[in-house]
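Below: one structure, written as structure tokens.
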Amino acid sequence: MEKTEPEADATIMPTTTRDGNRNRMMAVLLAGAFLALMAETFLNNALPTIMEEFRVSQSTAQWLSTAYLLVVGLMIPISAWIFSNFRSRTTYMVMMATFLVGSLVCIFSTGHFAILLAGRIIQAVAAGSLMPFIQNVVLLLFPPERRGLALGIVGLVVALGPTVGPTLSGFILQHWSWRMLFILLAVGSALILLAAFFCVYTVNERQNTGLDVLSVALSCLGFGFLLYALSAIGDTGRVSMLNLSLLILGLVIVGLFCHRQLIMDHPLVDLHVFASGTFNLTTLLSTLSNISMVGVELVLPLYLQNTRGSSALVSGLVMLPGAIVMGIFNPISGALYDRIGVRNISLLGFTVLTLGTLPMAWFSVDASLVVIAACYAMRMAGISLVMMTTFTEGINALPRGMTAHGNAAASTVRQIGGSLGTAAAMMIVTLGSAHHTSGVDKALALGQGYHWAFLSLIVVALVGLCSSFALKRRRAEA
Numbered sequence: 006m007e008k009t010e011p012e013a014d015a016t017i018m019p020t021t022t023r024d025g026n027r028n029r030m031m032a033v034l035l036a037g038a039f040l041a042l043m044a045e046t047f048l049n050n051a052l053p054t055i056m057e058e059f060r061v062s063q064s065t066a067q068w069l070s071t072a073y074l075l076v077v078g079l080m081i082p083i084s085a086w087i088f089s090n091f092r093s094r095t096t097y098m099v100m101m102a103t104f105l106v107g108s109l110v111c112i113f114s115t116g117h118f119a120i121l122l123a124g125r126i127i128q129a130v131a132a133g134s135l136m137p138f139i140q141n142v143v144l145l146l147f148p149p150e151r152r153g154l155a156l157g158i159v160g161l162v163v164a165l166g167p168t169v170g171p172t173l174s175g176f177i178l179q180h181w182s183w184r185m186l187f188i189l190l191a192v193g194s195a196l197i198l199l200a201a202f203f204c205v206y207t208v209n210e211r212q213n214t215g216l217d218v219l220s221v222a223l224s225c226l227g228f229g230f231l232l233y234a235l236s237a238i239g240d241t242g243r244v245s246m247l248n249l250s251l252l253i254l255g256l257v258i259v260g261l262f263c264h265r266q267l268i269m270d271h272p273l274v275d276l277h278v279f280a281s282g283t284f285n286l287t288t289l290l291s292t293l294s295n296i297s298m299v300g301v302e303l304v305l306p307l308y309l310q311n312t313r314g315s316s317a318l319v320s321g322l323v324m325l326p327g328a329i330v331m332g333i334f335n336p337i338s339g340a341l342y343d344r345i346g347v348r349n350i351s352l353l354g355f356t357v358l359t360l361g362t363l364p365m366a367w368f369s370v371d372a373s374l375v376v377i378a379a380c381y382a383m384r385m386a387g388i389s390l391v392m393m394t395t396f397t398e399g400i401n402a403l404p405r406g407m408t409a410h411g412n413a414a415a416s417t418v419r420q421i422g423g424s425l426g427t428a429a430a431m432m433i434v435t436l437g438s439a440h441h442t443s444g445v446d447k448a449l450a451l452g453q454g455y456h457w458a459f460l461s462l463i464v465v466a467l468v469g470l471c472s473s474f475a476l477k478r479r480r481a482e483a
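Using the numbering used here, read the sequence shown as starting at 6 and increasing by one per residue.
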């Protein structure tokens with residue numbers, strides 16, 4: 006008879022080490038995550054140059070960003086199975102090697118856009134698994150009472166990577182070609198891979214569970230159709246019959262995927278985590294904070310460049326204070342969470358987010374860059390207080406053996422929510438612009454579209470604020 010391990014410890018077998026070894030390992034893991042997340046926005050400023058060199062349209066060139074996000078979303082549901090079935094040290098090194106290969110493919114994609122796109126997809130395969138993987142490792146490295154600070158630092162990487170991307174790439178593109186972006190990513194991933202060989206150790210015990218191919222297929226098709234349809238709607242600003250059909254088909258397939266996970270003995274993602282009311286609410290709040298972050302990261306640069314004529318570098322510099330604020334507030338948010346509890350910090354975070362977003366409803370084509378940067382930074386402070394603290398509360402509400410599946414489920418919902426927010430923001434911009442095109446300058450019409458988008462972000466912040474009141478008080482507060 007095959008020997009089985011206790012259910013509660015099936016995926017968790019921590020290794021006891023000194024704090025120094027743990028900290029070095031955390032630094033290497035977070036460096037890899039930062040590189041992969043920065044790659045999400047790293048290429049946006051280079052799209053016009055790539056369009057000219059490869060002679061492709063804007064809608065084709067944008068797939069370099071869209072495909073990256075699509076594949077990242079598709080990889081998240083598989084992350085729990087990967088974490089359970091492979092030793093963490095090997096998994097991380099394979100991920101970084103995959104990212105390095107993807108970067109090298111992009112560097113040598115001279116004259117063939119399809120090769121460049123293939124390189125981006127290879128990068129995304131690694132990036133999509135990295136963040137859930139690192140969050141699972143943190144959950145094993147740190148006891149519940151210390152997870153708040155640790156996951157706050159992880160949240161810093163989650164927010165800082167995409168935020169730093171436009172600023173850094175804008176500077177690089179002023180001096181070198183777009184290939185230098187991938188050279189930087191390749192060199193960085195090679196150095197991290199070398200450091201991982203010496204600093205990363207295994208914290209989990211491998212468990213041999215079969216991979217349900219049908220679940221993987223349903224996950225890829227369902228989430229792929231959903232994310233593709235939402236991206237297409239965001240690009241065009243309208244709902245075509247094709248996009249609507251793909252959206253409905255995606256929802257149906259995702260429903261079949263969810264049903265299959267509930268009836269399987271060893272699901273790809275254990276959806277029983279959603280039986281916890283606390284987990285559901287905190288997942289919603291974390292998703293709303295992610296929508297607030299990625300929505301403004303898309304809309305604000307477009308507002309600056311299309312209505313004010315600012316350069317990509319200026320747009321990145323306006324967003325740089327927000328990245329710095331993220332760097333300051335994410336560790337603070339973890340410490341505050343440990344001291345005052347999730348309800349108080351969520352109320353505080355969404356209040357700050359709402360106050361930072363309100364002035365954006367009155368942004369005009371000649372709004373002060375200082376005011377814009379200050380509002381953006383204030384929003385980032387609010388988001389950093391909420392995103393990872395609510396995620397941590399949800400994970401802590403689950404049984405220990407369910408943390409990997411809870412991580413995968415929450416991360417998937419947050420990723421899809423971010424894609425939905427991006428698509429909705431672009432749709433609102435386009436509809437708002439079309440509504441004000443009669444007799445007005447194009448820049449003014451676009452300004453109205455962005456005005457509508459900023460209003461929608463205020464609504465998202467208010468929904469998060471109101472939902473935070475439903476969080477449980479600490480016993481000392483009750």
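Heads up, the beta-carbon is just placed ideally off N, CA and C, and yes, glycines get one too.
In terms of CA proximity to residue 288, 398 leads the group 364, 398, 387 and 182. Note that the segment 458 to 466 touches the segment 425 to 437; at least 3 beta-carbon pairs, one per stretch, sit closer than 8 Å. For residue 81, there is no enclosing alpha helix (DSSP H), as DSSP marks it with neither H nor E. Just so you know, the alpha carbons of residue 198 and residue 235 end up roughly 35 Å apart. In this structure, 74 is the residue among 353, 74 and 167 with its C-alpha nearest to the C-alpha of residue 134. DSSP places residue 272 outside both helix and strand once states are collapsed to three, so it counts as coil. Counted as a single uninterrupted DSSP element, the alpha helix (DSSP H) harbouring residue 306 occupies residues 282 to 312. A check of alpha carbon separations from residue 112 across 124, 26, 419 and 119 identifies 124 as the nearest.
For residue 124, the enclosing alpha helix (DSSP H) begins and ends at 118 to 146.
Straight-line spacing of the CA atoms in residue 83 and residue 343 works out to 30 Å.
Around the Cβ of residue 127, a 10 Å sphere holds 16 or more other Cβ atoms; the residue is buried.
Proximity of the segment 376 to 390 to the segment 351 to 363 meets the contact definition, three or more beta-carbon pairs being nearer than 8 Å. Looking at the backbone, the Cα of residue 228 and that of residue 296 are separated by about 17 Å.
DSSP places residue 387 in the uninterrupted alpha helix (DSSP H) bounded by 374 to 401. A Cβ-Cβ distance of about 11 Å is found for the pair residue 348 and residue 472, leaving them out of contact under the 8 Å criterion. Its chain contains 45, 129, 132, 133 and 420 as the residues whose beta carbon lies nearer than 8 Å to that of residue 77, once the 5 sequence neighbours on both sides are disregarded; these appear in chain order.
A residue is called buried when at least 16 other Cβ atoms come within 10 angstroms of its Cβ; residue 266 meets this threshold and is buried.
At the C-beta level, residue 194 and residue 104 come within 8 Å of one another. The residues 293, in chain order, have a CB closer than 7 Å to that of residue 468 in the same chain once the five nearest residues on each side in sequence are set aside. Residue environment: residue 96 is assigned as buried (16 or more neighbouring CB atoms within 10 Å of its CB, all protein chains considered).
In the three-state reduction of the DSSP assignment, residue 206 falls in the coil class, being assigned neither a helical nor a strand state.
Separation of the CB atoms of residue 42 and residue 166 is rounded to 3 Å, and the pair is thereby assigned contact status at 8 Å. Per DSSP, reduced to three states, the secondary structure at residue 201 is helical.
Only residues of its own chain outside the window of five on either side were considered, and among them 172 have a CB closer than 6 Å to the CB of residue 325, listed in chain order. In this structure, residue 122 and residue 72 form a Cβ contact; the two beta carbons are roughly 6 Å apart against a cut-off of 8 Å.
Counting only residues of its own chain and dropping the five nearest sequence neighbours on each side, residue 237 has a CB closer than 6 Å to the CB of 248. At a Cβ-Cβ threshold of 8 Å, residue 220 and residue 262 count as neighbours.
DSSP places residue 94 in the uninterrupted alpha helix (DSSP H) bounded by 93 to 112. Residues 320 of the same chain have their beta carbon placed closer than 6 Å to that of residue 306, with the five preceding and five following residues left out of the count. As the crow flies, the alpha-carbon of residue 137 is around 18 Å from that of residue 27.
DSSP, reduced to helix, strand and coil, places residue 370 outside both helices and strands of the structure shown, so it counts as coil. Between residue 158 and residue 246, the alpha-carbon positions lie close to 43 Å from each other.
Under the 8 Å Cβ criterion, the segment 401 to 414 does not count as touching the segment 369 to 380, having fewer than three qualifying pairs.
Closest by C-alpha distance to residue 313, out of 455, 300 and 145, is 455. Under a 10 Å Cβ-count criterion, residue 268 is classified as exposed, with fewer than 16 other Cβ atoms of the shown protein chains found around its own Cβ. If the five residues before and after residue 109 are omitted, its C-beta is found closer than 7 Å to the C-beta atoms of 191, all from its own chain and listed in chain order.
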